[in-house]
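First comes the structure, then the notes that go with it.
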Amino acid sequence: MIASMTGFGKAVLELPEKKITIEIRSLNSKTLDLNTRIPSFYREKELEIRNLISEKVQRGKVDFSMMVELNLGARNQSINADLIKSYIAEFKAITPNVTDGELLPVVMRLPDVISYTQDDLGEDEWNQIRATIIIAINSLNEFRSDEGNVLDKHITQNLTNILELLTQVIPFESERITTIKERFAKRMDEMKIDIDQNRFEQELIFYLEKLDITEEKVRLKNHCEYFLKELQGTESNGKKLGFISQEIGREINTLGSKSNHPEMQKIVVQMKDELEKIKEQSLNVL
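Per my numbering, the sequence shown runs over residues 173 to 458.
Structure representation (structure tokens):
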């Protein structure tokens, strides 16, 4: 079954002194593009976190964030007075008429104005955090799987529509051949010239063979069935589905160039419309 590259996962860890929230979001990307936001206290574990995500999350633009809220009783805070003065001086250089008291509430919300000191990261705490990260990753993958089921239904319907449109081409094939023969015969009569009937038949047959769409119909049907088979496979492979959709597009384009019939051309346009929907949705397949 296919999975989507779009997803969201979240997990929360409640410790005696803090609350840690893990969130993972993913969007479309050709490769794994991983961005992390980790508090400085846990920065030493960034490589391990990245490896953990890389092992369990396939391609996509992935944003990982780790947010920590310390309990009031656990906070050992200090104010960076020099940094506050520096911020105020910079603001006053821009807006000299503003007082220090007016600027202070703004400055106090800026980074690193207040710092919190904690004990070193213990092994037990990290093991709990690591388990929470795995829960968030599993939640992300479940979300992706659910989204993949929705994509599967839409793409399957689009492919079914193409196969149905392909059957609608058949009634116009014999009509098309008859129309072409009549057109050539009428043209020859209008020109009022003597022709070798055998040679004329040979040239006509050669021309009609060039317009024959039997192979295109067979290949288009096979490509669509192959696509459906891959949708139901055990692994999600959006890149492969993209390649198959390109082959489907080639056969539809060839049908259009060979159709030489207004109703067949209308059907080809409808096929292209269904294929564009498939391509658009396939871009989101993992």
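Cβ atoms here follow ideal geometry from the backbone N, Cα and C, with glycine treated the same way.
Please read these numbers as outputs of a predicted model, since none were measured by experiment.
Worksheet entry | Burial state of residue 326 (16 or more Cβ within 10 Å) | Flag for residue 326 reads exposed.
Worksheet item: I think residue 456 touches residue 178, with their Cβ atoms under 8 Å apart; what is that distance to the nearest whole Å?
Response: Taking the Cβ atoms as the reference, residue 456 lies roughly 6 Å from residue 178, within the contact range of under 8 Å.
Item to complete: Note the first and the last residue of the continuous alpha helix (DSSP H) segment covering residue 431.
Response: For residue 431, the enclosing alpha helix (DSSP H) covers residues 410-431.
Discussion item. Looking only at its chain, what residues have a beta carbon closer than 8 Å to the beta carbon of residue 398, apart from the 5 residues adjacent to it on each side?
Written reply: Cβ within range, chain order: 416.
Worksheet item: Taking DSSP as the reference, what is the three-state secondary structure of residue 296?
Response: Helix.
Worksheet item: By how many angstroms is the C-alpha of residue 418 removed from the C-alpha of residue 448?
Response: Going by the C-alpha atoms only, they are around 10 Å apart.
Worksheet entry | Cβ-based burial, residue 453 [other Cβ within 10 Å; buried from 16] | Answer is buried; the Cβ neighbour count reaches 16.
Practice prompt. Output yes or no for whether 8 Å exceeds the beta carbon distance between residue 331 and residue 392.
Written response: Their beta carbons are not under 8 Å apart, which means residue 331 does not touch residue 392 by this criterion.
Item to complete: Inspect the beta-carbon positions of residue 174 and residue 383 and report whether they are closer than 8 Å.
Response: Contact: no.
Discussion item. Given this structure, state the Cα-to-Cα distance separating residue 298 from residue 257, to the nearest angstrom.
Written reply: Computed Cα separation, rounded: 36 Å.
Item to complete: Can you say whether residue 239 is buried or exposed, counting buried as having 16 or more other CB atoms within 10 angstroms of its CB?
Response: Counting Cβ neighbours within 10 Å, residue 239 comes out exposed, since fewer than 16 surround it.
Worksheet item: Are the CB atoms of residue 206 and residue 225 nearer to each other than 8 Å?
Response: Yes, Cβ-Cβ distance for residue 206 and residue 225 is below 8 Å.
Discussion item. To the nearest angstrom, how far is the alpha carbon of residue 219 from that of residue 266?
Written reply: So the two alpha carbons sit approximately 40 Å from each other.
Practice prompt. Put residue 200 into one of helix, strand or coil per three-state DSSP.
Written response: Of the three classes helix, strand and coil, the one that applies to residue 200 here is coil, per DSSP.
Worksheet item: Between which two residues does the alpha helix (DSSP H) carrying residue 280 extend?
Response: Where residue 280 is concerned, there is no enclosing alpha helix (DSSP H), given that its DSSP letter is neither H nor E.
Worksheet item: Given residue 315, which residues of its chain have a CB within under 7 Å of its CB, disregarding the five upstream and five downstream residues?
Response: Within the same chain, residue 315 has close Cβ partners 179, 180, 181.
Practice prompt. Can you check DSSP and say which residues form a bridge with residue 180?
Written response: DSSP lists 197 as the beta-bridge partner residues of residue 180.
Worksheet item: Under a Cβ-count criterion, where at least 16 other Cβ atoms within 10 Å of its own Cβ denotes burial, should residue 280 be classed as buried or exposed?
Response: Taking all protein chains shown into account, residue 280 has fewer than 16 neighbouring C-beta atoms within 10 Å of its C-beta and is therefore exposed.
Worksheet entry | Residues of its chain near residue 284, where Cβ-Cβ distance is below 8 Å and the 5 sequence neighbours each way are ignored | Correct list, in chain order: 252, 255.
Fill in: the region 229-236 touching the region 187-198, judged by at least three CB pairs closer than 8 Å
They touch, by the three-pair rule.
Discussion item. So, under 8 Å CB-CB, residue 334 and residue 446 are touching, yes? Tell me the CB distance rounded to an integer number of Å.
Written reply: Correct: roughly 5 Å between the Cβ atoms.
Fill in: Euclidean distance between Cα positions of residue 458 and residue 176
Each residue's Cα considered, the two are about 5 Å apart.
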